[in-house]
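Student:
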Amino acid sequence: MQQSLSCFSTLRFLLPFSSKLSPLRPLFHTAAMPPHGPNSQGGRRGGGHSSGRRGGRGGGGRGGGGGGRGEQRWWDPVWRAERLRQQQAEMEVLDENEWWNKIEQWKTGGEQEMLIKRNFSRGDQQTLSDMALQMGLYFHAYNKGKALVVSKVPLPDYRADLDERHGSTQKEIKMSTETERKLGSLLKTTQESGSSGASASAFNDQQDRTSTLGLKRPDSASKLPDSLEKEKFSFALKERQEKLKATESVKALKAFREKLPAFKMKEEFLNSVSQNQVLVVSGETGCGKTTQLPQFILEEEISSLRGADCNIICTQPRRISAISVASRISAERGESIGESVGYQIRLESKRSDQTRLLFCTTGVLLRRLIEDPNLTNVSHLLVDEIHERGMNEDFLLIILRDLLPRRPDLRLILMSATINADMFSTYFGNSPTMHIPGFTFPVAELFLEDVLEKSRYNIKSSDSGNYQGSSRGRRRESESKKDDLTTLFEDIDINSHYKSYSSATRNSLEAWSGAQIDVDLVEATIEHICRLEGGGAILVFLTGWDEISKLLEKINMNNFLGDSSKFLVLPLHGSMPTVNQREIFDRPPPNKRKIVLATNIAESSITIDDVVYVVDCGKAKETSYDALNKVACLLPSWISKASAHQRRGRAGRVQAGVCYRLYPKVIYDAFPQYQLPEIIRTPLQELCLHIKSLQVGSIGSFLAKALQPPDALAVENAIELLKTIGALNDVEELTPLGRHLCTLPVDPNIGKMLLIGAIFQCVNPALTIAAALAYRSPFVLPLNRKEEADEAKRYFAGDSCSDHIALLKAYEGYRDAKRGGNEKDFCWQNFLSPVTLRMMEDMRNQFLDLLSDIGFVDKSKPNVSIRNPS
């Protein structure tokens, strides 16, 4: 690799499908690169730094759009006929007896699949498929028939490892001896110091103080050297608690606490905790389990003069819930947050030496376990929202079940918002369970057909998914991403099934599509409530920030809802700054209605007391797998009946409420009872890295102990991918790269790109490309302007022919336009989503914080820092 190779070219072979990072390997695999660095070739439309359009489509240069090669003349019928004749002549002829014997012989062996790279015709490929079927095997043709696979297990529709875009177009670049020496030196330095820019001593000092990997250890014993000091401290804690109880503010909040269902079970709960090592508690959302149960333990320990030895940790699945619950309990105790009650999330904490109850995210606790596998000095551990079955939560349960025999003094309380406690009880040796009954006022339930009938809103075919025409069959042809529930509804005879409804409602149901959320329908439903229903806050469930932003914009432009003197519209999303969250919980002034636009974070993690109306769109974002880019991604999917029940229950906290479900009852009836656990439906690479970092044995045997173990093939695939990117060696041990990836809470492919970007001093482009891969592409593709949108993307790519360079140039153009205040026009002209680009900005900042947190970049350097870009 020559020194003239640009940073962008370097990134080309450090993308997620690149080779292993190892100082011992002199070869790097890279995609074929243009003769000039793409840094100077990619255009930037409207951004002030364009190199102009050059060449035909697909590859630059002349050639009539033939990819830049004049010999490709498919538009010429004579040339085309001759080329097809040549291709036919090049086809191999399948010998059926030969291949039957080959497949039969392979079947008796231990290999899972047979890869056939032969130039067979489609007819011969079908013959192979029939052979496989007769033998009880599976067959699939990949890469336009160039790679044929016979397998003993089902095969996916797409295999990135057999895609020539990811494989055969790669080539090897040999590094010079000097470059290889420099790279090895860099890797050795980062391995030894944990830093690529900060000094090793500074980094280690920071670890000693607060540990960048997890919780600051409360080591109360080191601060209290003898029992006398502990006794004094316990007396001081009790005295302070008694004084605070006498204040008017605490008395007022105590009256509220005593009305909660959890308060009535205080004594039973405390007795169960003292007598059992594990307790499983279920309770309806809003019963007080999250705010009261940890507080009961804290008050009891301090009152019993055990405050000095008391160290309670309560995990939450989300940052916002950890902060909001800690704030609420601090207020109920008459304290400022960070005194006896605090919180710690990644890159932010409020705690002190007096903190005895700490709320943190599950990920933070897992990082604490890497440093302190026995959770030294922790007296009580509460794991909240276990019903969500997140990856981290299921992982934590495996660790805790193994830990309990080593820590008989540790008390574990598992809390769930749904009545499925028996499964968790069985997993922990039939531990006792406890249910806290909730109370809600009656909540009326309206499904889409009822909402349309009541509001008289008309859905047009173009409103729901931007499809042309009113025919449901035509819409089927247009939809490329359908789910089973949407298809189920499309197969219904609307006129027969909904004959009791008006013709206008039936027409709207004909036009409705479940492929995406109809933001106009949501806006109309909110306006209907505000105009015709009684007072009370409205809680709207959407899937993510992009929909929240679109709806916010529509409401602000609405002549009625846009009146800020009458309506307080507030977004609620996990990525929001903590300083913006207080208004969500406060009641608005008289004659002003609060409208909260939220994700599923509002299902159970937090409680907004004054909600009377819920608008449920029926979807939430779930982690799935992007096979093309080999990364996990968040995509909207239908919720479960348990989640729908949680959403409905938010409307009956203070008075009788109404739940508007903006999907048909037919779809609701087909919802699963519970969502599949994340550990079963998502890639396991990141989890596998954490398992190795904890040194708890082999990955497969550890995951076999899960509450619901993932498929063995999924585990094998994750291990193989980690070996491919160089995070694990051949014996499944962490490599230096793997150890660094363990400290980054991102997909390992994305993490590798960020680390290599830092090592090669091209952090900014790595941040941009990583943000797009981790979230989504900012390019939009309108159905009626597809060619123009494709042309815009090609323009940004320039002569590089690279999607990643197109992303980079589009983002840089957006930043330039933003400085001039015309970013909206820039996005409109270039088919870009401003919402996605703003989210990419936020993610770049988060990624930079992560790299800085582990010592790989110095944010104070001008060429690295990306804050305050204007």
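Counting in the UniProt record's numbering, the sequence shown runs from 1 upward without gaps. Positions of the beta carbon are idealized from the N, C-alpha and C atoms, including for glycine. No experiment lies behind these values; they were computed from the predicted model shown.
1) DSSP puts E92 in a beta bridge; with which residues?
2) What do you reckon, are the CB atoms on F585 and I548 nearer than 9 Å?
3) For L634, tell me which candidate among L773, G342, N271 has the shortest Cα-Cα distance.
4) In or out: T743 buried (at least 16 other Cβ within 10 Å) or exposed?
5) Please return the same chain residues whose Cβ sits closer than 8 Å to the Cβ of F831, not counting the five positions on each side in sequence.
6) Assuming contact is defined by CB atoms lying nearer than 9 Å, are I756 and A766 in contact in what I supplied?
7) Looking only at its chain, what residues have a beta carbon closer than 6 Å to the beta carbon of S40, apart from the 5 residues adjacent to it on each side?
8) Who are the Cβ neighbours of K824 in its own chain at under 7 Å, not counting the five residues just before and after it?
9) What is the DSSP secondary structure of G283, counted as helix, strand or coil?
10) For L375, count the other beta carbons within 10 Å of its own beta carbon; 16 or more makes it buried, fewer makes it exposed. Which is it?
11) Measuring only the C-alpha atoms, how far is D858 from R346?
12) Quick one: which unbroken alpha helix (DSSP H) runs of 4-plus residues sit fully inside the region 626-710? Chain order, please.
13) When DSSP labels each residue in this structure, what does H573 get in the three-state scheme?
14) Which same chain residues end up closer than 8 Å to L722 when comparing Cβ atoms and leaving out the 5 residues on each side of it in sequence?
15) Determine the direct distance from the alpha carbon of Q829 to that of T836, and round the result to whole angstroms.
16) Classify A642: buried if its beta carbon has 16 or more other beta carbons within 10 angstroms, exposed otherwise.
17) Below 8 Å, can you find three or more Cβ-Cβ pairs linking the region 237-248 to the region 329-344?
18) Determine whether the beta carbon atoms of S321 and E393 lie at a separation below 9 Å.
19) Hey, would you say G700 sits closer than 9 Å to V715, going by beta carbons?
20) Is the beta carbon of E268 within less than 8 Å of some heavy atom of the ligand FMN?
21) Between the Cα of V654 and those of G813, M114, K259, spot the shortest distance and give me the residue it belongs to.
22) Excluding the 5 residues flanking H528 on each side, which residues of the same chain have their C-beta closer than 6 Å to its C-beta?
23) How long is the line joining the alpha carbons of R776 and M839, rounded to whole angstroms?
24) Would you mind stating whether L850 and V763 have Cβ atoms separated by less than 9 Å?
25) Between the alpha carbons of L488 and Q516, how many angstroms are there, rounded?
26) Starting from C314, follow its DSSP beta bridges and name the residues at the other end.
27) Identify, in the order they occur along the chain, each residue of the same chain with its Cβ nearer than 6 Å to the Cβ of P35, setting aside the five sequence neighbours on each side.
28) Could you tell me how far apart the beta carbons of L94 and D124 are, in whole angstroms, since I believe they sit closer than 8 Å?
29) For K665, which of L293, P571, I494, P442 has the nearest alpha-carbon?
30) With distances taken Cα to Cα, identify the nearest neighbour of S637 among S503, T599, I370.
31) What's the C-alpha gap between Y142 and I103?
32) Mind checking I854: buried by the 16 CB within 10 Å criterion, or exposed?
33) With H, G and I counted as helix, E and B as strand and the rest as coil, what does DSSP make of R501?
34) Tell me whether E523 is buried or exposed, calling it buried when 16 or more other Cβ atoms sit within 10 Å of its Cβ.
35) Alpha carbon to alpha carbon, how far is L485 from Q316? Give it in angstroms, no decimals.
36) At which residues does the alpha helix (DSSP H) containing D816 begin and terminate?
Tutor: According to the structure shown:
1) F120
2) no
3) L773
4) buried
5) F779, V780, L781, P782, R785, E788, A789, A792, K793
6) yes
7) Bear in mind that a pLDDT of 34 at S40, under 50, signals an unreliable position, so the number given afterwards is only what the model happens to contain. Once the five neighbours on either side are set aside, S40 has no close Cβ partner at all.
8) P834
9) strand
10) buried
11) 18 Å
12) 641-649, 665-669, 678-681, 685-694, 699-703
13) coil
14) Q685, C688, L689, L728, G738, P748
15) 16 Å
16) buried
17) yes
18) no
19) yes
20) The ligand FMN is absent from the structure shown, which contains no ligand whatsoever.
21) K259
22) S455
23) 9 Å
24) no
25) 15 Å
26) F359, L382
27) The predicted model places P35 with a pLDDT of 34, which falls under 50 and marks its position as unreliable, so this point remains unresolved.
28) 4 Å
29) I494
30) T599
31) 18 Å
32) buried
33) The residue asked about is misnamed: residue 501 is Tyr in this sequence, not Arg. Y501: coil per DSSP, three-state reduction.
34) buried
35) 31 Å
36) 803-819
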